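Everything below concerns the one structure shown next.
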Amino acid sequence: MAPPWGGARRVRSVGAVVMAGSEEEARYSRQLYVLGDGARRLPEAAVLVSGLRGTGAQVATALVLAGTGRVVLHDCDTACTADRAHQFLLGESDLGQNRAEASQRALAELNPHVVVETHNGELSEAFLASFRDSLRPCAMGSPGMAALTDRPRTVVVLTESPLEEQIRIGNFCHAQGICFIVADTKGLAGQVFCDFGEHFVVDDPAEEDPVSAAVQHISQGNPGVVTCMGTKDFRDGDLVTFSGVQGMTELNSHKPVPVRVLDTSRLEISDTSSFSPYRCGGLVSRVQQPKDCSHEPLCQALEEPKIKVANPEDEPRSRSLHAAFQALHAFRRERGRLPRPRAAADAERVLELARSLGAQQGPLDEEVVRAFASVSAGDLCPVAAVVGALAAQEVLKAITRKFQPLNQWLYFDALECLALPGAAELTETDCAPRGSRYDGQIAVFGANFQEKLGRQKYLVVGAGAIGCELLKNFAMMGLAAGPDGELIITDMDTVALSNLHRQLLYRSADISEPKSVVAAAAVQRMNPDVRVTPHQNQVGPATEMLYRDNFFRHLDGVASALDTIEARTYLERRCLRCHTPLLDSGTEGTQGNVLPMVPSLTKPLKPASTPRNGTFPLCTLRYFPRTIQHTLQWARDEFEGLFQLPAEQVNQFMEDPDFLKQQRPRKVLEQVWDSLRKRPRDWQDCVHWARQRWESCYHDTIIQLLQNYPPEHETSPGVPFWTGDRTCPHPLTFSPDNDTHLDYVLAAAHLFAQVHRVSPCRDRAAIQAILHGVVLPPFVPQEGLQIPLTEELAEEAQVPTDHRQLTQITQDLVQWRLDLVGNEEAQAPLMEPIHFEKDNNVHIDFITAASNLRAENYSISPADRLTSKRIAGQIVPAIITTTAAVAGLACLEVYKLVWGCQDLSCYRNSNISLSACLLLRLQPLPAPTYWFLPHGAGQPGYGVPVLAATPWQYGGREWSCWDRLEMQGVGADGQAVTVQEVLDWLQRTYGWTVTMLLCGDNVLYDSKADAETRAQQQAQRLSENFRDARKLQQQDLELLYICEGQDAEAEDTSPPLLCSLP
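Position 407 (the sequence shown) corresponds to 406 in numbering that gives the first Met the number 0; numbering is contiguous.
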């Protein structure tokens, strides 16, 4: 297994946040990897959310799912029909009731650990003061950390307030030390404003793990020079600490010291001349420095706005929206309402009001203001999702002091939707209210578009975090809610406790239920008109008979909510082949992206991130680990080698009478023999086995290594062996009273018992009593034992086969099998293979203890349980705010696809970083085209695909990456055509002489083969050529070809041939 990490990185500890193995850890672990130690402040915080329409509902939902201690909802209005296009917490029975009270009932179900209250009165200063004072100062701390005595954080969020109320409350909050946020959406635009006071300290501004590098040498001098494995992430003036250094141990307990970067591998530090000589090992790590932020109150920030933009060229647009929102408030004061949808006179009046503001704040983009005003009465769930998620992340920053807060304004818009062909011609009548739940959407896109949304056929692949948010948005939008609509959800997974902090469609009662079934039921509750069908299948090569090409071709679109690059890539290939629009979404921590793939328009997708190659050399893992990543990978390998592979081999041996007749590697036979020989009779035997394994791994193996290479060993005269990236280990001495030692034995014995179907015991005292009575014989290291130091030497160091021993092993296995099952077939597996599960507490207990003991051997700083779980389980950090924002951005692209837009300039690739308050939306790249000259070998460039932007002058044809050749694969006799008939068709139709024809990995024809082979290939029918049985049953085969004179590497730039089989 290749882990997803690489290099020497110090890992951030988050173990102080929750109790190991607790429900809190299981529920919040993915979020803890994002928020770090700051998450411990969440249960002590209180947030007031005022305005419970779409944006407020998104903010409140994110905070409840994240585990905020107390959330107070405020709204004086009652729920109406139109709310149900964007307020997903409301049901039909809630209409006419107070929005806050109706929302409270739904939010309280999301997280039993959060107190959700309502307030229906005025937001007076007296109420705000009592809200602030309701939280008493408390001391929060954890071992090794200074206790915090600051007041638990209170935050006020306004989402539907008039400007006057925003200023009044903003002034009070600024004066009283209450963090204050405004989040507002109008039509296709939104704004977020933050005021965290004049002195807000950010404890941990960065998202990534602290920068670290493995130490190779440290000089004795003034200044000292540290040689390490890479300095590119260090900067002059950074403060660093050291850990795990051998020899110059004074640095391990030294206070942080500043560095100066000398070159790509050397750092200069303070005086080390009086320190002990450096021997080996160690890690140098940059210390995160707190940052102080200063915010102005809203009244001042309105006049002198600090606006966050992804690109400097976006600033004029954001400043125009800043003026437009203020003008809209003025219009509402003047008219008592918002501008009517598509009412030109109203839009012009907003523009007039904005001009007076714009003159003070720079040039005004009048088209932006006019477009904004024309649809400002609209309410769109996707826009509310994006802005609400941005605001919720700022709330989490205020509480946790994790990440730099917004300074101070951010504007978002999707006004490019108004450039859709025909959208400009929409009238007031087209967009007038109908008394429908979709009136807010009709105000932007018109009533006819709403009907078209209802007729859509969409597939959502994955019902996890992004999938839940997509489905929620689709339900609000009315996608597939019409007579001919269909929404298919497929996910083969079941609901787990760790899903509940970010997957809003699931509740505790749904744990272990199929995700797709539960999600479909939730969609129906949100919008009973949506025609939703759940599937429990993976979309991949194994299910191509279920999801055929015709299935994809009849879809209007596919939304990918998958969490692996491989699955996303497969789905992209299927949609490319079938000309099906695809929306690909992904997140990692606070980063996210959305990539639309539009047939004939956009360049096919390349996932934004690729798996990191973190494979470690075996010799590093076995003998020379330097980082906790190395020891965790070693522990994962131990888990598989102890509790999975041996059981699988034994079961195969027991179930297959011919097992020993087959040519099995000696190692496999020895593994089966050893597993059967060590079968435990009871729990005490399991404890004895675990104790022996501890001794072998952490004492005996190290003694043997030091026997071969003592601490003073030299590679050559004057060159120490244990230096640089080799850290000299030391053996451990077992103690039943050492918690880590006991943790290892308890977890290992439990897993060993499970493998052998023995009832385990979790009584630590009883296990300690057993261990106190265990006496192991002293270990005597072997003389002359070869330990390979490199991969090459390991491959060469093959132990010669002892045929006498192998014969004895085989005889023992035959006899044992006879004793166990006689001449009968095994009725049930003898052993239970255990596959590592990252959310299984015992599995993580073993990995953590095994890794940390190994780390202790090599003086590597240990990792806490949560960090070990993240690295060993390859867990992608996740948080509800990012998934909600990404899903909202994806659904904005759905509007364009449903409209049938063929204008590339209307589509957007989106990238977000909520930690840095960045939102970058760019036009996708166009589909690449190339030229292939089908005629005339004498022409320049004959047979050579060429990327081109303009037609070539030599009679060539321009091809897009979306183009396909299509051929009926049925001959005159009603059977599949032969390979020769395909070659003839290409020659006849396009004049191409094909030299090689392929289908996937199958070579159907190769002109360079001998005459007999070519004749056989040409005579074969297409249905006779495939080793993969799935291809035989496909309706369309995708064939690739190379033509005469064409580069053999160029088959991917020729349009594929789709051949329809009978």
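A virtual CB, placed ideally from N, CA and C, is assigned to each residue, including glycine.
Here the structure is a predicted model, which is why all the values come from computation and not from measurement.
A direct Cα-to-Cα measurement between R576 and K456 gives close to 18 Å.
The secondary-structure analysis by DSSP pairs K290 across a beta bridge with V201. Counting along the chain, no beta strand (DSSP E) covers A56; the unbroken alpha helix (DSSP H) around it starts and ends at G53 to A65. Counting of Cβ neighbours within 10 angstroms places M475 among the buried residues, the total reaching 16 or more. Between the region 224 to 232 and the region 169 to 187, the count of C-beta pairs closer than 8 Å stays below three; the two stretches do not touch.
Here DSSP, grouped into helix, strand and coil, assigns T532 to strand. If you look at I177, you'll find it isn't in any alpha helix (DSSP H); DSSP assigns it neither H nor E. Remark: three or more beta-carbon pairs, one from each stretch, lie closer than 8 Å, so the region 842 to 858 and the region 694 to 708 are flagged as touching. Within the same chain, Cβ atoms closer than 6 Å to the Cβ of D490 are found at G461, A462, K514 and S515, the five residues on either side in sequence being excluded.
A Cβ-Cβ separation of about 6 Å places A388 in contact with A61 under the 8 Å criterion. A45 is positioned such that its CB atom lies closer than 8 Å to that of V71. In this structure the region 150 to 167 does not touch the region 367 to 379; the number of beta carbon pairs closer than 8 Å is below three.
Shown here for M247: same chain residues with a beta carbon closer than 6 Å to its own, the five before and five after excluded, namely I217, F274, S275 and Y277 in chain order. When secondary structure is reduced to three states using DSSP, C467 falls in the helix class. By a beta-carbon distance limit of 8 Å, V244 contacts N251. Their separation comes to about 5 Å. Distance from the CA atom of D36 to the CA atom of I398, rounded to whole angstroms, is 11 Å. Here the C-alpha atom of R167 lies approximately 22 Å from the C-alpha atom of V58.
Around the beta carbon of C298, fewer than 16 other beta carbons lie within 10 angstroms, which makes this residue exposed. Within the DSSP secondary-structure output, I306 pairs in a beta bridge with W408. In the DSSP assignment, G887 falls within the alpha helix (DSSP H) that extends over I879 to W898. Between L499 and C467, the C-beta gap is not smaller than 8 Å, which leaves the two residues out of contact. Straight-line measurement puts the Cα of V382 at about 19 Å from the Cα of S319. Boundaries of the alpha helix (DSSP H) around E366: E365 to S373. Within the same chain, Cβ atoms closer than 7 Å to the Cβ of P645 are found at Q670 and S674, the five residues on either side in sequence being excluded.
Under DSSP, D183 takes part in a beta bridge, and its partners are Q190. Residue pairing for W958: DSSP places it in a beta bridge opposite Y929. Going by C-alpha positions, L888 is about 10 Å away from L918.
With respect to L301, Q325 sits close: the two C-beta atoms are nearer than 8 Å. When rounded, the separation of the alpha-carbon atoms in A413 and A344 is 22 Å. For the beta strand (DSSP E) assignment, the uninterrupted runs of no fewer than 3 residues enclosed by the region 83 to 119 are, from N- to C-terminal side, 114 to 118. The alpha-carbon separation between F241 and L282 amounts to approximately 6 Å.
Of all alpha-carbon atoms in F638, M966, T117 and V529, the one lying nearest the alpha-carbon of D483 is that of V529. If you check the CB distance, E415 and C890 do not come in under 8 Å.
The beta carbon of V841 sits closer than 6 Å to those of A746 and H749, all from its chain and outside the five residues before and after it, given in chain order. The alpha-carbon of L496 is positioned some 43 Å away from that of P311. For P645, the uninterrupted alpha helix (DSSP H) segment begins and ends at L644 to E654.
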